[in-house]
Amino acid sequence: MNGLEVLSDSLEWPHESEIVRKRPKNYTLVYISKVFYNTGSILLTVFLIIKSIILPSLTSNYKQREVLSVSTIVGLRKLISSLQKRLKFTPVSALGFNEQNGTIERSTQTTDDTSDIIHNEMTRWKSLNEALQDATDHLQHFNTALKPSTFMNSFSFQTKLVADQLQQDRSSDQESDLCNKAVTSIRGVKGWFVNGRIA
4 MNGLEVLSDS LEWPHESEIV RKRPKNYTLV YISKVFYNTG SILLTVFLII
54 KSIILPSLTS NYKQREVLSV STIVGLRKLI SSLQKRLKFT PVSALGFNEQ
104 NGTIERSTQT TDDTSDIIHN EMTRWKSLNE ALQDATDHLQ HFNTALKPST
154 FMNSFSFQTK LVADQLQQDR SSDQESDLCN KAVTSIRGVK GWFVNGRIA
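For our numbering, count along the sequence shown from 1 and bump the result up by 3.
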């Protein structure tokens with residue numbers, strides 16, 4: 004007998020029904036899983052780039068816009084207050100009543116030179132008003148394009164809290180005044196009882 008025949012006789016071979024055949028790989032499924040794996044890696048890389056580079060730059064840009072708008076508003080308020088201080092008002096006593104037409108007229112006469120000066124001043128004020136209106140329109144357009152920030156929301160909330168606390172302090176002052184008045188009036192009535200004014 005040959006050695007192979009002895010070996011084959013001594014081995015127990017499985018039955019055909021117990022043999023499980025290897026299924027061939029589904030290459031489409033393998034390709035899709037690789038695509039998803041690579042997509043996840045790419046998305047993770049993009050997220051890290053956005054988180055570490057783009058988000059801080061956008062945050063600093065947003066803060067710069069916020070500082071610019073606040074400084075512009077403060078500058079405009081200063082300009083408006085200085086312009087309001089320079090306004091000249093005509094008192095009522097300088098106006099007279101025209102009895103024939105029933106209208107109010109100025110009681111002073113002006114020469115041509117003064118009318119030119121007034122005209123020049125009016126055109127200058129008109130140009131200033133137009134510049135202020137233009138700046139206001141640009142600022143309103145900028146503010147409408149800008150989303151409300153959490154900083155400004157928290158700032159307005161804090162100002163409301165301060166206003167409420169001030170209101171409570173005022174009301175507590177009024178309450179303490181009322182309490183003091185009540186205590187003094189009770190002491191006065193008690194004094195009347197002690198002194199015998201009231202029996």
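All C-beta atoms in this analysis are idealised placements derived from N, C-alpha and C, irrespective of residue type, glycine included.
Keep in mind it's a predicted model, so treat the numbers as computed, not measured.
Is residue i helix, strand or coil by DSSP?
i           : result
residue 165 : helix
residue 186 : helix
residue 141 : helix
residue 78  : helix
residue 204 : Only positions 4 to 202 of the chain appear in this structure, which leaves residue 204 out of reach.
residue 129 : helix
residue 113 : The predicted model places residue 113 with a pLDDT of 49, which falls under 50 and marks its position as unreliable, so this point remains unresolved.
residue 205 : Only positions 4 to 202 of the chain appear in this structure, which leaves residue 205 out of reach.
residue 200 : coil
residue 2   : The requested residue 2 does not occur in the structure, where the chain is confined to residues 4 to 202.
residue 54  : helix
residue 29  : coil
residue 193 : helix
residue 91  : coil
Cα separation between residue i and residue j?
i           : j           : result
residue 163 : residue 170 : 10 angstroms
residue 38  : residue 29  : 15 angstroms
residue 41  : residue 47  : 10 angstroms
residue 15  : residue 34  : 40 angstroms
residue 72  : residue 142 : 8 angstroms
residue 182 : residue 192 : 15 angstroms
residue 54  : residue 43  : 16 angstroms
residue 80  : residue 138 : 12 angstroms
residue 83  : residue 145 : 20 angstroms
residue 188 : residue 177 : 17 angstroms
residue 52  : residue 63  : 16 angstroms
residue 140 : residue 167 : 33 angstroms
residue 88  : residue 190 : 54 angstroms
residue 57  : residue 161 : 30 angstroms
residue 49  : residue 20  : 52 angstroms
Of all the options the options, which has the alpha carbon lying nearest to the alpha carbon of residue i?
i           : options          : result
residue 130 : 91, 86, 161, 167 : 86
residue 91  : 128, 138, 76, 59 : 128
Any chance the stretch 66 to 74 sits against the stretch 124 to 138, with 3 or more Cβ pairs inside 8 angstroms?
The stretch 66 to 74 and the stretch 124 to 138 do not touch, with fewer than 3 CB-CB distances between them shorter than 8 angstroms.
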